[in-house]
Structure formats: C-alpha cells, structure tokens
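In what follows, a single structure is set out as structure tokens and then discussed.
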Amino acid sequence: MSDAAELPDSYRRDDTIDLKKDRKLALAVQGGFVVLAALAVAVAWLANLPLQTEWNPFVAIVVTVVACLVYMIVHEATHGVMLQLLTKVKPSYRMRFPFLTTGGNAFLTPRRAIVIALAPMVIWAVVLIVALLLVPQDWRLTVYVVLALDFAGSSGDLVEAVVLSRQRRDALVRDDGDRIHVFLPVD
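Per our numbering, the sequence shown starts with residue 1, numbered consecutively.
This is the structure:
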C-alpha cells in the first residue's frame, strides 16, 4: 500500500492511539525524556565537554531559553515540511502548552510515518553536532542544551516510531497531532 490523501474505500479504522491518554505510552514518553536528558548531562560531565561561557549568567539563560523555543518551532516545522514533501498534503500545527504538535489528513504507511516522526531528531542532531564543533566557545553551552532538547524532546516521536513499527505493513495511519489513527483493509 502507498500513502493516500484520502482513505481508500476498502479501509476502516481499526485503532486509535493517544500518547497522552494511554498511561503506558505517556509514561514511556515522560520516562524517555528524563532518561535522554540525564544521558545528555552525563555525557557532558563524563566527557568534560568544554561548555563554559564568558557570558553573564542572565544573558546565557535568556539566549538558551530563546534558542530552545525557536528549536521547538523548527522541530515541528520539520515534521510539517516532511509531511508535505512526502504526501503533498498541507500539515496543521497546534499549540497546547507546553506542547507544539503537527498533524495532517494524509493516510501514511507506517514506514513513511516513522520517517516523518524521526526526521526532525535526525536532521537537527546532525546540524547541531556540526554547529557544536564550529560555533565560538560562548555559544557551545546553548547549542549543547538545544542538542539535548533535540533528543530528549523527541521522546514522543521515538515512542510513536515504536508504536508505528508494530503496525501491519498494509495499515494506513493518520497522525492528527493529538492521536494516531490506524486503518486496516476490510477483508
């Protein structure tokens, strides 16, 4: 089966997955965030990464918070750009504090949905690792915090990828930003 802008007549909704309301999945997302954030701190500490800055602490905090907010927007925009590139369907964006979400009305194969779910983490990890190597010393802490946010903040995307990988190959899925709807062919 291939992606579709409209659900084929031979498909019916089989399941709806809500990462926020399903207790196990919500705990996996939250636990993943904590583990990945702790791992980022441990890597910085154990590797003795040069993350010092000459900036005034207030300036460093403000710059880092703004960078994180910008990254969150760029992360969701990356989901949207990938969705539109792969399906030609316009994405929708929502803000439900503290979350930003991207959704759409496209019906995707699980494999294609996994690509869209993981694209921001992978693309921005490469960009941020290169930036970490190239930016002046004073910017390294901010870039590293954004890199840590890239991984930890993608815990929901990682859990979604695991859920999608367990779907049948002939399934179609639609992620509306709040829930993942799974559609299967009617026999």
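Beta carbons: idealized from backbone N, C-alpha and C, even for Gly.
Can you tell me where the alpha helix (DSSP H) holding ASP157 begins and where it ends? Per DSSP, ASP157 belongs to the alpha helix (DSSP H) from 155-165.
How many angstroms separate the CA atom of ALA131 from the CA atom of TRP124? 10 Å
For the beta strand (DSSP E) that contains ARG168, what are its first and last residues? Here ARG168 belongs to no beta strand (DSSP E), and DSSP marks it neither H nor E.
Should MET95 go down as buried or exposed, given a rule of 16 or more other Cβ atoms within 10 Å for buried? exposed
Out of VAL146, SER155, LYS88, which has the shortest C-alpha to C-alpha gap to ALA5? LYS88
Contact set for TYR144: own chain, Cβ-Cβ below 7 Å, skip 5 residues either direction: ALA44, LEU49, LEU51, LEU132, listed in sequence order.
Do the region 107-123 and the region 22-29 meet, that is, are 3 or more Cβ pairs less than 8 Å apart? no
Checking 8 Å against the spacing of the C-beta atoms, do ALA117 and ALA77 come in under that value? no
I need the boundaries of the beta strand (DSSP E) containing THR16, first residue and last residue. 11-17
Can you list, in chain order, the stretches of the alpha helix (DSSP H) that have 4 or more residues and sit fully within the region 19-74? As far as the region 19-74 is concerned, its whole alpha helix (DSSP H) runs of at least 4 residues are 23-46.
In terms of residues, what are the limits of the alpha helix (DSSP H) holding VAL146? Run containing VAL146: 137-152, per the alpha helix (DSSP H) assignment.
Excluding sequence positions up to five away, which residues of its chain have a Cβ less than 7 Å from the Cβ of LEU128? VAL143, VAL146, LEU147, ASP150
Per DSSP, what kind of secondary structure is VAL115 in: helix, strand or coil? VAL115 falls in the helix class under three-state DSSP.
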